[in-house]
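For what it's worth, this note's numbering labels the leading residue of the sequence shown as 273, then goes sequentially.
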Amino acid sequence: MSFSANIERLKPSATIAVSTLARSLVDEGRDIVNLGAGEPDFDTPSFIADAAIHGVRSGHTRYTPPAGLPELRQAIAGHLSTRADREINWQGVVVSAGVKQALFNTFFSLCGPGDEVLVAAPYWTTYPDLVMLARAEPLTVFGAEANSFKVVPSDLERVVSEKTKGLVLNTPCNPTGAIYSLAELKELSAWAKSHGIWIVSDEIYRNVYFGEDGGAAPGVLDLPESDVGNVILVDGASKSYAMTGWRVGFSYSSVEVAQKFTALQSQITSNTATPSQVAALEAFRNVEEASSAIAEMGIAFRRRRDLVITLMDQLLSPVSLTSDLRGLFTSIFVWMDFLKLMKMMLRPGVRVS
Numbered sequence: 273m274s275f276s277a278n279i280e281r282l283k284p285s286a287t288i289a290v291s292t293l294a295r296s297l298v299d300e301g302r303d304i305v306n307l308g309a310g311e312p313d314f315d316t317p318s319f320i321a322d323a324a325i326h327g328v329r330s331g332h333t334r335y336t337p338p339a340g341l342p343e344l345r346q347a348i349a350g351h352l353s354t355r356a357d358r359e360i361n362w363q364g365v366v367v368s369a370g371v372k373q374a375l376f377n378t379f380f381s382l383c384g385p386g387d388e389v390l391v392a393a394p395y396w397t398t399y400p401d402l403v404m405l406a407r408a409e410p411l412t413v414f415g416a417e418a419n420s421f422k423v424v425p426s427d428l429e430r431v432v433s434e435k436t437k438g439l440v441l442n443t444p445c446n447p448t449g450a451i452y453s454l455a456e457l458k459e460l461s462a463w464a465k466s467h468g469i470w471i472v473s474d475e476i477y478r479n480v481y482f483g484e485d486g487g488a489a490p491g492v493l494d495l496p497e498s499d500v501g502n503v504i505l506v507d508g509a510s511k512s513y514a515m516t517g518w519r520v521g522f523s524y525s526s527v528e529v530a531q532k533f534t535a536l537q538s539q540i541t542s543n544t545a546t547p548s549q550v551a552a553l554e555a556f557r558n559v560e561e562a563s564s565a566i567a568e569m570g571i572a573f574r575r576r577r578d579l580v581i582t583l584m585d586q587l588l589s590p591v592s593l594t595s596d597l598r599g600l601f602t603s604i605f606v607w608m609d610f611l612k613l614m615k616m617m618l619r620p621g622v623r624v625s
């Protein structure tokens with residue numbers, strides 16, 4: 273059977289495939305620790321769930337505008353304004369069915385055949401697949417291990433061309449945990465601006481951050497507006513508020529770009545599920561309870577991360593961590609040299625199950 277060229281290179285999500293396999297093994301009675309998907313194991317905070325239940329019982333079950341409830345878009349813009357210390361236009365916010373849809377909107381609207389998109393590696397597997405779904409070409413760019421694999425302008429200069437349309441950054445990074453400093457983001461933004469290249473900044477893990485300064489990890493909106501060129505910010509409620517199954521993401525861009533995203537969504541999904549939007553509205557509006565929930569989850573995540581690092585030191589001492597723990601591992605992820613681990617597994621007498 274033949275299919276359209278639009279999907280000839282399309283593959284199922286690798287992350288979902290691994291998680292599905294893990295769940296099937298659990299159903300068989302196997303004792304499995306599933307590290308496949310980046311999903312908090314906490315329930316959605318009750319104040320958020322209660323808001324959704326009240327919303328459903330109050331009749332909030334109908335269509336909304338494709339870009340989302342105006343009050344939710346305004347609440348998200350207010351959240352971004354506080355972070356950026358400047359007014360963020362709520363009409364540049366588009367609520368989507370998760371960050372994946374926000375990324376699909378981005379690549380499908382801005383890229384096409386003949387275009388190239390630079391993807392900083394290591395990366396979440398969805399990025400190149402969505403670029404290819406837009407029939408553009410993803411080009412992987414590796415940063416130096418000594419720099420926690422973060423890319424710098426000189427890395428990008430080696431691959432940039434007239435075909436380059438965008439650069440995908442993920443900070444904090446899944447899977448390495450690396451976090452771009454504000455100075456590093458400024459350099460990359462200046463480079464992209466000088467080349468007329470879009471920056472697609474995925475900051476979904478921004479609140480899963482254990483830096484000494486507290487708060488959230490640095491992001492592109494922390495830069496002065498004059499330092500930033502063409503930027504699409506994608507984020508959502510999944511990680512910060514333990515709302516993965518609610519499917520609420522968003523993008524922030526210029527109003528002109530947001531209008532294109534809205535038109536695209538209007539033909540594909542219409543709006544994000546209304547009860548999910550009502551829940552997200554409470555998360556973004558109720559700052560006090562939301563901050564408390566984020567902090568509570570953060571304490572647990574940090575404790576677990578520290579335990580993993582301690583056990584790795586004790587049980588896998590030949591396996592090196594890729595960076596100073598105070599630097600790279602300020603997020604939930606722990607990145608290790610798996611090449612050494614694989615070599616250990618291949619030794620005679622080592623059993624892997």
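All C-beta atoms, glycine included, are put in the ideal place defined by N, C-alpha and C.
- DSSP, read as helix, strand or coil, puts Pro410 in strand.
- With 16 or more other Cβ atoms inside 10 Å of its own Cβ, Ser525 counts as buried.
- Looking at the DSSP output, Phe522 sits in a beta bridge with Val367, Asp507.
- Among the bridge pairs identified by DSSP, Ser461 is matched with none.
- Under DSSP, Thr443 shares a beta bridge with no residue.
- From the listed residues Pro547, Asn419, Val440, Leu352, the smallest Cα separation to Thr398 is found for Val440.
- By the neighbour-count criterion, in which 16 or more other beta carbons inside 10 Å mark a residue as buried, Asn278 falls on the exposed side.
- As computed with DSSP, Ala393 is found in a beta bridge with Phe414.
- For Tyr335, the number of other beta carbons within 10 angstroms of its own is below 16, and it is reported as exposed.
- Secondary structure of Ser542 (DSSP, three-state): coil.
- Pairwise C-beta distances place the region 347-355 out of contact with the region 324-332, as fewer than three of them are shorter than 8 Å.
- Val500 sits in coil when the DSSP states are folded into three classes, being neither helix nor strand.
- Annotated three-state conformation of Tyr513 is coil, per DSSP.
- With respect to the 8 Å criterion, Lys437 and Ala408 are classified as neighbours on the basis of their beta carbons.
- By the Cβ neighbour-count rule, Lys283 is exposed, with fewer than 16 other Cβ atoms within 10 Å of its own.
- If you draw a straight line from the Cα of Trp362 to the Cα of Val413, it is about 33 Å long.
- Secondary structure of Val559 (DSSP, three-state): helix.
- The beta carbon of Ser453 lies closer than 7 Å to those of Pro490 in the same chain, with the five residues before and after it left out.
- Glu388 places its beta carbon 8 Å or farther from that of Leu405.
- Linking Ala416 to Pro444 through their CA atoms gives a straight-line distance of about 17 Å.
- Secondary-structure assignment with DSSP links Trp470 through a beta bridge to Gly438.
- With a 10 Å radius around the Cβ and a threshold of 16 neighbouring Cβ atoms, Gln586 comes out exposed.
- Annotated three-state conformation of Glu280 is coil, per DSSP.
- In the DSSP annotation of this structure, the continuous segment of the alpha helix (DSSP H) that includes Met404 starts and ends at 398-405.
- Nearest to Gln549 by alpha-carbon distance, out of Phe522, Ala530, Lys532, is Phe522.
- The Cβ-Cβ distance between Pro496 and Ala324 does not fall below 8 Å.
- Asp303 counts as exposed, since fewer than 16 other beta carbons sit within 10 angstroms of its beta carbon.
- The alpha-carbon separation between Gly340 and Asn543 amounts to approximately 6 Å.
- In the three-state reduction of the DSSP assignment, Glu528 falls in the helix class, which pools H, G and I.
- Residue pairing for Glu388: DSSP places it in a beta bridge opposite Glu409, Thr436.
- Ile476 sits away from Ser461, with the two beta carbons spaced by 8 Å or more.
- In this structure, Glu554 lies near Phe319, with their beta-carbon atoms less than 8 Å apart.
- A straight-line Cα-Cα distance of about 15 Å links Met273 and Arg281.
- Here Phe380 has Ala406 as same chain residues with Cβ atoms under 6 Å from its own Cβ, once five neighbours each way along the sequence are excluded.
- Going by DSSP, Gly350 is part of the alpha helix (DSSP H) stretching over 342-356.
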